[in-house]
Each structure stands twice: as C-alpha cells, then as structure tokens.
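Data block below; observations after.
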Amino acid sequence: MEKKIELLAPAGDIEKLKTALHFGADAVYFAGKNYGLRAFGTNFEETNIKETMDLIHNFGKKGYVTLNVYARHNDFDGLKDYVQTLIDAKVDAVIVSDLGIFSYLRENFPSLAIHVSTQANTTNPYAAKMWQKLGAERVVLARELTIDEVKNISDANPDLELEAFVHGAMCISYSGRCLLSNYLTNRDSNHGECVQACRWKYSVTEETRPDEHFDLTEDTRGTYIFNSKDLCLIEYIDKIFDAGVISYKIEGRMKSPYYVATVINAYRRAIDYMYECKEKGIEYKCPEELKKELSKASHRKYTTGFMFKDGKPTQNFETSIQEQDSKFMAIVQNVDNGKILVEQRNKFAVHDELEVLSPASSFGKILKVTKMEDENGNEILEAKNVQQKIWIYTDLEIEVGDILRK
C-alpha cells in the first residue's frame, strides 16, 4: 500500500500547535525549554509536555520533540531525566542532529524513535543508510539536495522514512551551520540562539572613504548577498512525493499563528487535491487560489531553492523585510446561534468585510460585519482593543479556531 504524505507543522507554543491541528496538520514538531534550536521561542515547559502530547493524540495526530542542538559536554547534564519525561509523555519521536546525543539515546533509550535532523547534513544515500543502521527511523534531508538526489537516496533506502522541508525561511549557511550570529552577537546559532544576522542590511565601505557605501552584487564567481528568499514547493508536491519523501515539513516555529494557519491550510488542500488527481489519473497542477494563499502570510519572495534548478535567483537583492497581502483580524473562540465570539488582533469596524480562513467549506467566504457586541452584550461599532472579546452576528458556518482576515 502506498504511504500517505504527512504534513508536518511547526508549533512554537500551544496556540500555534492547536492552530496547526485545526487547519489539517498530520503531525507537529515542537521544543521544550532546552536542547532545541529555537531558544528564543516560547516553547513548552517540561511539566506541560504530557498534557500537550495527550492533546495531540486526542486529535489522532503525532508530536515530535526537537533535541537538535550540537551538544557540548555539559549539555548532557540532565538529558537522561528530560528524555525520560518525553518518553513518559509518549512523544512519537525526537529530532536529533548531534551524533553524541544520538548515540546516548540509543544506548539509554533503545525503544525511542529518532528522526535525524536536517542539521545533520544528510546529502547522499550512504549517509542515510548509515543513520538507519545506527537506529534512525527517519532522516530529514539536507535542504541543499536536488529532486534527483532525493530520489537516489530514496531508491537506495526503500525502508527508511524521508522528510524534507517544502516551505519557509531558508538559512544562507549549509543546512543551518552558520557562525554569523556567533561572530556578530555572541549568540550561538547551533544552540538555538540565532539572531538571523543574514537578514540584516549590509554594505561595503573602503577604509579611506568610510562614508561611501558600495552596492553588493552577484557575478559569475558567486554571490555576496546573505539574505535568502523563502522556500515554496506547493507547485511540486507530486514530484517530491514521487521522489520518495513521505513527510512534508513547514518551517516556522517562530512565526505567528496566522502564518501557521495560512500555510498549513494551503498545503493541506494542495495535498488532498493531489490525491484526487492521482485517483482520477490526471496531472496535478496546483490551483491558483492556493498559490495566492501563500502570499497572504508573511513571507519574503519565494524560491524553489536547490530542489529544482530553474535558474532563478535565490537571494533577495532588495530587502529582507517580509511582506503579506492580508492582515490577521481575529480568531474564532466560540459559536452560538447565529453569532461568533472572536478575539480581536487588529482593528476593524461595522461595515467591514472580513475573509474567512477555515479548513471547512466557509474557506474564502466574506463575512460582512453588520452587528457587533462586547462580552457584556453592549452593541459596539468598532473593535479597537487588542485581544478584545467580541460577538459578531453572521449566518456563515464558521468553526472554533477559524480566522478572520482582511
């Protein structure tokens, strides 16, 4: 039986996790307060991980926890107790980069499922096979691979699960092994403290002319721009699946719940549509509305990265500032007899038209705001207080967890 694609979503905190599950993720990846590569994210308290995993499993989904720092000797202090906590919480797998941590886990927790992180730079079939021999259940492929190289790895390792990033921010360094942050700010990228120094605006000066700035350009020898475009492979999910990838990973544990909702919703619909095409024996072509969806979440200009050599630049030559075509206005928290309770995120008013972001049939429909009340039943004309709870009257079929945007 052909394996089904797993849509794997980032979960930087509990709100993003619930959002990912609501909008159709099959699995989520998240971190505790230690050992993950997003040290400045909210992350999850150790005492809450079991409760979090119970929630995930109640949805019938899977949860993976990142242990993907490159470890120093003192990182092993407390690791055994922490991993036992993860096992007690019934995490479905841990994501590991460091060979020392991998070896330690295999020796002390032989039944724990381990996924090898993209940080481990798996770029060939032999490395993938060795990880499997050592006991890895899955390998998250390096982002530098082409589609043909992915297929080579898959063909040589038919019993190994392969995961690949299909959407999100790209690191300018080789699979994330960057020292810019360490050098400029003394924050260790490989311990989760990256400040994304590659996104900063750089210029060149000459010593005797300190006030004269020169443009950074690209020539036949390479590039002098650090700032990568964002990865987007929604148009090629059929080809990636045919190459042997079974888990499609979305980057973005530091992104907003609105970002998670928009991107997961688009890829969920695209994957489902791809299966419909396969059943009908027709070629998959990503619907234009789903490609437009991805412009509504914060992003830099998109690229296919290394996967498909389309000859287009992968760097942002103009700016690293993110853009988006829609704004997150409110999230739905309750539904009751022709009205919905929302938590406001940006200002809107009576007579405004808000678009519904939903995994259900109301996706894309327009809600015209005709009447609003505060929590006490007082009619109001404007929602202007951040996180204010507001009742909006509507006859649309809207679900708890849906999002309103403009």
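Each residue of the sequence shown is one higher than the one before, starting from 42 at the first, in the numbering used here. For glycine and all other residues, C-beta sits at the position ideal for the given N, C-alpha and C.
Between the beta-carbon of residue i and the beta-carbon of residue j, is there less than 8 Å?
{"i": "G209", "j": "D279", "result": "no"}
{"i": "V106", "j": "A72", "result": "yes"}
{"i": "M413", "j": "I439", "result": "no"}
{"i": "G102", "j": "A68", "result": "Strictly speaking, residue 102 in this sequence is Lys, with Gly absent from that position. Yes, these two residues count as a Cβ contact at 8 Å."}
{"i": "A205", "j": "I281", "result": "yes"}
{"i": "L395", "j": "L382", "result": "no"}
{"i": "G112", "j": "I142", "result": "The question names Gly, but residue 112 in the sequence shown is Ala. It is a contact, given that the beta carbons lie within the stated cut-off."}
{"i": "V181", "j": "K290", "result": "yes"}
{"i": "L120", "j": "Y145", "result": "yes"}
{"i": "L437", "j": "M370", "result": "no"}
{"i": "L96", "j": "Y70", "result": "no"}
{"i": "T60", "j": "E87", "result": "no"}
{"i": "G104", "j": "D133", "result": "yes"}
{"i": "K319", "j": "D366", "result": "no"}
{"i": "P166", "j": "N198", "result": "yes"}
{"i": "P328", "j": "E56", "result": "no"}
{"i": "F85", "j": "T93", "result": "yes"}
{"i": "E487", "j": "N306", "result": "The shown model of the chain, from 42 to 447, leaves out residue 487, and the question about it has no answer."}
{"i": "V391", "j": "L422", "result": "yes"}
{"i": "P51", "j": "G405", "result": "no"}
{"i": "S188", "j": "M315", "result": "The sequence shown places Ile at residue 188, rather than the Ser named in the question. Going by C-beta atoms, I188 is not nearer than 8 Å to M315."}
{"i": "H340", "j": "E364", "result": "yes"}
So what does DSSP say about residue i, is it helix, strand or coil?
{"i": "M508", "result": "Summary: the structure shown does not reach residue 508, with the chain confined to residues 42 through 447, and so no result is reported for it."}
{"i": "H63", "result": "helix"}
{"i": "Q248", "result": "For the record, residue 248 in the displayed sequence is Glu; it is not Gln. Three-state DSSP puts E248 in coil, outside helix and strand."}
{"i": "R446", "result": "strand"}
{"i": "S269", "result": "strand"}
{"i": "N306", "result": "helix"}
{"i": "M348", "result": "coil"}
{"i": "D54", "result": "coil"}
{"i": "N149", "result": "helix"}
{"i": "L395", "result": "strand"}
{"i": "I278", "result": "helix"}
{"i": "A424", "result": "strand"}
{"i": "V376", "result": "strand"}
{"i": "D436", "result": "coil"}
{"i": "V157", "result": "strand"}
{"i": "V236", "result": "coil"}
{"i": "V441", "result": "coil"}
{"i": "V301", "result": "helix"}
{"i": "A80", "result": "Low local confidence applies: a pLDDT of 46 at A80 is under 50, so the model's placement there is unreliable, and no value is given."}
{"i": "T264", "result": "With a pLDDT of 44 at T264, under the threshold of 50, the predicted position of this residue should be treated as unreliable, and no value is reported."}
{"i": "K44", "result": "coil"}
Tell me, to the nearest whole angstrom, how far the beta carbon of residue i is from that of residue j; I am working on the premise that it is less than 8 Å.
{"i": "I136", "j": "S158", "result": "5 Å"}
{"i": "T164", "j": "L274", "result": "Their Cβ separation, rounded to whole angstroms, is 18 Å, which puts T164 and L274 out of contact at 8 Å."}
{"i": "K368", "j": "T435", "result": "Not quite, the Cβ-Cβ distance comes to about 19 Å (not below 8 Å), so this is no contact."}
{"i": "A177", "j": "I155", "result": "5 Å"}
{"i": "K447", "j": "A424", "result": "Incorrect: roughly 12 Å between the Cβ atoms, too far for contact."}
{"i": "H63", "j": "G442", "result": "4 Å"}
{"i": "E276", "j": "K332", "result": "7 Å"}
{"i": "N419", "j": "Q385", "result": "Not really, about 15 Å apart at Cβ, beyond 8 Å."}
{"i": "A109", "j": "Q160", "result": "This sequence places Asn at residue 109; Ala is not what is there. Yes, they are in contact, since the Cβ atoms of N109 and Q160 sit about 6 Å apart, within 8 Å."}
{"i": "G65", "j": "M295", "result": "Their Cβ separation, rounded to whole angstroms, is 21 Å, which puts G65 and M295 out of contact at 8 Å."}
{"i": "R179", "j": "E202", "result": "4 Å"}
Should the stretch 397-407 be regarded as contacting the stretch 299-319, the criterion being three or more beta carbon pairs within less than 8 Å? yes
If you scan the stretch 86-144 from start to end, which runs of the alpha helix (DSSP H) of 4 or more residues do you find wholly inside it? 90-99, 120-129
Count the C-beta pairs between the stretch 279-295 and the stretch 183-195 that are closer than 8 Å, then say yes if the count reaches three, no if not. yes
Please give me, in chain order, every unbroken run of the alpha helix (DSSP H) with length at least 4 that falls completely inside the stretch 159-216. 166-175, 188-197
Counting only runs of 3+ residues fully inside the stretch 308-339, write out the beta strand (DSSP E) ranges in chain order. none
Are the stretch 310-329 and the stretch 369-389 touching by the rule of at least three beta carbon pairs closer than 8 Å? no
Stretch-stretch touch, CB-based, cutoff 8 Å, three pairs: the stretch 245-255 with the stretch 167-176: no
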